[in-house]
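A.B. asks: Protein chains in written order, with my numbering: chain D, 34 to 437; chain C, 154 to 415.
Each residue gets a CB set at the ideal place from its N, CA and C atoms; glycine is no exception.
Just passing along the structure, written as structure tokens.
This is how it looks when you write it as structure tokens:
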């Protein structure tokens with residue numbers, strides 16, 4: 034019996050095709066967009082997922098085609114496309130893939146892989162927050178610990194909201210000549226990331242290492258006194274981190290930390306490049322009553338070499354605090370045999386005094402059709418901080434999907 | 154003569170049905186219902202029927218492995234085929250008697266493994282009328298048990314056991330179980346609320362013997378208050394198939410091995 038289960042040839046190639054049709058619309062409720070429009074997002078989309086497998090090989094493809102009503106164009110987007118090879122104590126995945134590390138609920142320390150914040154702020158389904166990377170991931174499973182090793186030869190930045198659709202803070206609004214300077218694809222710039230994990234006394238324990246680049250650009254003007262042109266650069270970054278998680282206090286308790294080593298500005302004296310930071314996260318999740326769960330998080334980031342930052346910083350740029358913290362709250366309530374989901378998610382930063390509120394109701398009409406209605410509400414004290422700067426972009430969104 | 158009589162009593166005594174305690178009945182029932190074999194696999198089809206008659210489908214493969222004796226630790230691995238919005242999701246449970254489970258969920262769209270809080274075993278299993286406890290069992294020591302009567306249910310002689318939760322925060326007041334004297338499988342369970350009104354009924358509709366283990370292959374849980382019911386059919390049931398310990402790890406949670414999924 035066991036022998037027959039282990040025989041590869043006994044399994045013929047196995048394939049599956051599925052996907053969805055989706056409409057996704059988001060309306061600004063606070064003000065018209067910078068370009069005069071009122072829609073933050075408006076599209077119809079079809080996704081096709083195809084998979085062929087014959088152990089030890091598996092091919093997976095996930096591609097979207099969508100029509101964008103705001104830019105009035107049709108595009109094809111290859112979300113994921115990879116080949117898997119499975120061995121006795123190793124796996125290999127090569128191609129475009131989504132990688133998610135760390136414990137955070139929408140707070141990322143050791144998840145150094147690209148994100149799409151435009152998707153998140155525009156009210157798109159959560160899966161669009163993650164962008165695929167073109168990478169090779171090798172996993173090893175010796176007895177001591179499991180290891181994932183990722184090599185990313187092609188740099189992929191985070192995606193931020195479109196300046197035509199979103200009002201955002203810009204410290205140099207007069208300089209419109211801007212160029213993206215992404216790291217060139219070569220051996221030296223190849224990003225590497227490593228995660229080793231195992232159980233330690235009931236804890237899910239991981240350590241993480243990353244060497245690559247910040248995915249949020251830094252502005253480098255050609256002149257500080259009379260700038261005419263700005264380069265958007267992605268400074269070098271290394272991250273060393275760890276996480277621990279286990280069941281405790283009637284729920285799940287998590288801790289994650291990482292040291293952001295700003296390799297291009299280790300002394301903290303370059304005002305255009307972020308200083309090194311220590312970031313940490315505490316999280317706790319529990320079920321309060323049947324079908325109601327709550328997750329709370331406390332996140333902090335501490336800037337190193339703060340005196341150097343204060344001494345060299347550019348006066349016209351908003352001053353960053355030495356310590357910035359952020360809290361989050363998620364409540365999820367399932368009703369009507371789990372066909373209806375009421376969800377509350379919010380960020381509140383005590384340091385920045387700003388917030389993001391995201392209530393959402395989702396209803397499954399059938400096995401195949403669901404819709405969600407929600408809102409993103411931004412605000413805060415100053416107009417330069419992360420969420421307060423998005424204050425004018427409050428939106429109500431609707432998502433409707435037919436899955437097949 | 155007296156010698157023979159004593160011998161007769163000695164032979165009969167272990168068979169005497171009154172000698173069995175209600176805890177022993179429940180323990181044997183747990184062994185027959187939730188612990189048979191070293192490991193277990195089934196393809197589970199669920200039909201969730203609402204009061205108005207609308208039907209939703211769920212389909213998953215469940216794998217279980219025992220660690221230790223009946224009532225001891227178990228590991229569960231589930232892979233979902235249906236409904237479409239949870240397709241390819243996997244769910245893993247480490248079950249420990251006397252303390253909270255560890256549960257992990259893999260969300261394929263985000264390629265993300267999430268550890269999830271599991272303190273309430275009385276909550277619904279994937280929106281069905283079954284609770285997590287109905288799927289993976291309840292600690293016998295959590296209830297006080299009493300054999301209220303013995304009676305026939307259909308053709309089967311049954312013990313009728315009344316189980317009353319010791320903790321006051323359980324969602325039901327007490328439960329009556331009809332336990333088959335031969336197989337020790339529960340053939341029917343009636344759940345009563347705290348005002349002793351019947352509100353939920355479990356029935357085992359079909360039992361098949363698979364590799365020598367009598368197995369409930371068709372079961373229904375009906376909620377009399379909401380009118381909602383869940384019919385569950387087990388197909389492709391197998392026991393002692395040699396599931397490796399390594400199945401119950403993040404590696405296979407993220408890439409469920411095909412050989413176990415059918």
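Please report the straight-line C-alpha distance between residue 137(D) and residue 316(D), rounded to a whole angstrom.
C.D. replies: Distance between the alpha carbons of residue 137(D) and residue 316(D) is about 8 Å.
A.B. asks: Does DSSP put residue 188(D) in a helix, a strand or coil?
C.D. replies: Three-state result, residue 188(D): coil.
A.B. asks: Using DSSP with H/G/I as helix, E/B as strand and the rest coil, what is residue 378(C)?
C.D. replies: In the structure shown, residue 378(C) sits in coil (DSSP, three-state: anything other than H, G, I, E or B).
A.B. asks: Given that a residue counts as buried once 16 or more other Cβ atoms are within 10 Å of its Cβ, and exposed if not, what is residue 218(D)?
C.D. replies: Per the 10 Å Cβ criterion, exposed.
A.B. asks: Since residue 265(C) meets chain D, which of its residues come closer than 7 Å, beta carbon to beta carbon?
C.D. replies: Ordered by position in chain D, the residues that pass the 7 Å Cβ test against residue 265(C) are 133.
A.B. asks: Provide the residue(s) that pair with residue 368(C) in DSSP beta bridges, ordered along the chain.
C.D. replies: DSSP lists 361(C) as partners of residue 368(C).
A.B. asks: According to DSSP, simplified to helix, strand and coil, what is residue 408(C)?
C.D. replies: Looking at residue 408(C) - three-state DSSP - the assignment turns out to be coil, as it is neither helix nor strand.
A.B. asks: Please state whether DSSP places residue 297(D) in a helix, a strand or coil.
C.D. replies: It is helical.
A.B. asks: Given a threshold of 16 other Cβ atoms within 10 Å of its Cβ, counted over all protein chains shown, does residue 385(C) qualify as buried or as exposed?
C.D. replies: Buried, since its Cβ has 16 or more Cβ neighbours within 10 Å.
A.B. asks: Is it right to say residue 357(D) is buried, meaning 16 or more other beta carbons lie within 10 angstroms of its own, or is it exposed?
C.D. replies: With 16 or more other Cβ atoms within 10 Å, it is buried.
A.B. asks: Let me confirm a value: residue 201(C) is counted as buried when at least 16 other C-beta atoms fall within 10 Å, else exposed. Which label applies?
C.D. replies: Per the 10 Å Cβ criterion, buried.
A.B. asks: How would you list, in chain order, the residues of chain D whose beta-carbon sits under 8 Å from the beta-carbon of residue 280(C)?
C.D. replies: In chain order: 367, 370, 371 and 372.
A.B. asks: In three-state DSSP terms, what is residue 345(D)?
C.D. replies: The answer is helix: DSSP assigns residue 345(D) an H, G or I state.
A.B. asks: By the three-class DSSP mapping on this structure, what secondary structure does residue 39(D) have?
C.D. replies: Because the pLDDT at residue 39(D) is just 41, under 50, the model does not fix this residue reliably, and the value given afterwards should be weighed accordingly. Three-state DSSP puts residue 39(D) in a helix.
A.B. asks: Are the CB atoms of residue 354(C) and residue 360(C) nearer to each other than 8 Å?
C.D. replies: Their beta carbons are not under 8 Å apart, which means residue 354(C) does not touch residue 360(C) by this criterion.
A.B. asks: Assign residue 426(D) to one of three DSSP states: helix, strand, or coil.
C.D. replies: The answer is helix: DSSP assigns residue 426(D) an H, G or I state.
A.B. asks: Could you compute how far the alpha carbon of residue 345(D) sits from the alpha carbon of residue 312(D)?
C.D. replies: For residue 345(D) and residue 312(D), the distance between alpha carbons rounds to 23 Å.
A.B. asks: Taking a Cβ distance cut-off of 8 Å, strictly less, list which residues of the region 375-407 of chain D are near chain C, in chain order.
C.D. replies: Per Cβ criterion, the list reads 397, 399, 400, 401 and 403.
A.B. asks: Starting from residue 281(C), follow its DSSP beta bridges and name the residues at the other end.
C.D. replies: Bridge partners of residue 281(C): none, in fact.
A.B. asks: I need the DSSP call for residue 195(D), collapsed to helix, strand or coil.
C.D. replies: Looking at residue 195(D) - three-state DSSP - the assignment turns out to be coil, as it is neither helix nor strand.
A.B. asks: Would residue 411(C) pass as an interface residue toward chain D - the criterion being a Cβ-Cβ separation below 8 Å?
C.D. replies: So yes, residue 411(C) belongs to the interface.
A.B. asks: Taking the beta strand (DSSP E) that residue 173(D) belongs to, which residues open and close that run?
C.D. replies: Run containing residue 173(D): 166-173, per the beta strand (DSSP E) assignment.
A.B. asks: Applying a beta-carbon distance threshold of less than 8 Å, which residues of chain D neighbour residue 276(C)?
C.D. replies: Chain D residues near residue 276(C): 320, 323 and 324.
A.B. asks: List the whole-angstrom C-beta distance separating residue 250(C) from residue 224(C), where the pair is believed to meet the contact cut-off of C-beta under 8 Å.
C.D. replies: That pair is a contact at about 6 Å.
A.B. asks: With burial defined as no fewer than 16 other Cβ atoms inside 10 Å of the residue's Cβ, what is the status of residue 358(C): buried or exposed?
C.D. replies: Exposed, by the Cβ-count rule.
A.B. asks: Let me make sure I understand the geometry here. Which of 242(D), 431(D) and 314(D) has the alpha-carbon closest to that of residue 76(D)?
C.D. replies: Comparing Cα positions, the closest option is 431(D).
A.B. asks: With DSSP as the reference, label residue 230(C) as helix, strand or coil.
C.D. replies: Three-state DSSP puts residue 230(C) in a strand.
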